[in-house]
Every structure is written in structure tokens, then in C-alpha cells.
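J.: Residue numbering for the sequence shown follows UniProt numbering, starting at 1 and increasing by one per position.
First, the structure itself, so that you have it in front of you.
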Amino acid sequence: MKAKVERKMIRTDVEKLKKGWLDDPCWDIEDTEGFEEYKDELLKFRLEQEKKWEKEIEIEEKEIDEKARELGIEGLYRLILEHRELLDRHHRAIEELADGNSYLAYRVLMGYEE
């Protein structure tokens with residue numbers, strides 16, 4: 001019975017690890033110390049999530065390109081959108097720095113926070 005409880009606690013820990021990684025995917029989750037037993041599962045999780053993110057980006061880019069084609073200004077439209085996004089991130093980062101949140105400012109600049 002005790003082994004089953006310990007196993008369930010570890011399963012909970014694995015799920016918490018996954019959730020934490022999704023919030024800040026800045027490391028290879030499968031290499032997390034203490035979770036060696038779950039390396040294959042965590043590697044599969046990371047690869048699936050990265051593939052999902054790539055697909056989401058691809059869909060978003062196609063939507064942007066389609067909108068640009070409709071307007072007849074593809075390259076310029078994309079450049080303006082990217083520039084606006086970068087400016088917005090810089091403004092948010094400055095606000096976070098002014099509030100003393102340097103770590104959050106960094107995450108905003110890197111595009112981890114929306």
C-alpha cells in the first residue's frame with residue numbers, strides 16, 4: 001500500500017513538473033534531476049509539445065500571410081506586425097522593471113509572457 005501511495009505522489013510530481021515546464025520551457029524537461037525514471041515519458045511530452053507549438057506558429061503565420069495577401073502588402077504587413085509586437089514587449093518589460101520585477105521583465109522581452 002505504501003509503495004502505491006509513493007507511486008501516486010511521484011505521478012503527481014511528474015504532472016506538476018510538466019505544468020511548470022509549460023509555464024517556462026527553458027530546459028530539456030527529460031533531463032530534470034530526480035525524474036530519471038520518467039525520462040522517456042518526459043522526452044515524449046516535450047517533443048509532442050514542441051510539435052504542437054510549431055503547428056500553432058505555422059497556423060498563425062499562415063493567417064498573417066493570408067491577411068497580408070488580402071491587403072496586397074505581404075512583406076510590409078508582416079514587418080509592421082512583428083515591429084508592433086516587439087515594441088509592445090519592450091513597453092511591458094519597462095513597466096515590469098519600473099515595478100521591480102526584473103525576472104518578469106526578462107520573460108516578457110523573451111516572449112514567454114503575453
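Virtual Cβ for every residue (Gly too), placed ideally from N, Cα, C.
Please report the residue range of the alpha helix (DSSP H) in which Glu82 lies.
T.: Where Glu82 is concerned, the enclosing alpha helix (DSSP H) stretches over 74–98.
J.: Less than 8 Å separating the beta-carbons of Leu81 and Ile64?
T.: For Leu81 and Ile64, yes; Cβs fall inside 8 Å.
J.: Ordered along the chain, which non-local residues of its own chain (more than five positions away) have a Cβ less than 8 Å from that of Val5?
T.: At Val5, the pLDDT of 47 sits below 50, so the modelled position is not reliable; the number obtained from the coordinates is stated separately. Within the same chain, Val5 has no close Cβ partners at all.
J.: What residue range does the alpha helix (DSSP H) around Tyr106 cover?
T.: Looking at the DSSP string, the run of the alpha helix (DSSP H) that includes Tyr106 is 102–110.
J.: Within the continuous alpha helix (DSSP H) that includes Glu58, where are the two ends?
T.: Segment 39–71, the alpha helix (DSSP H) holding Glu58.
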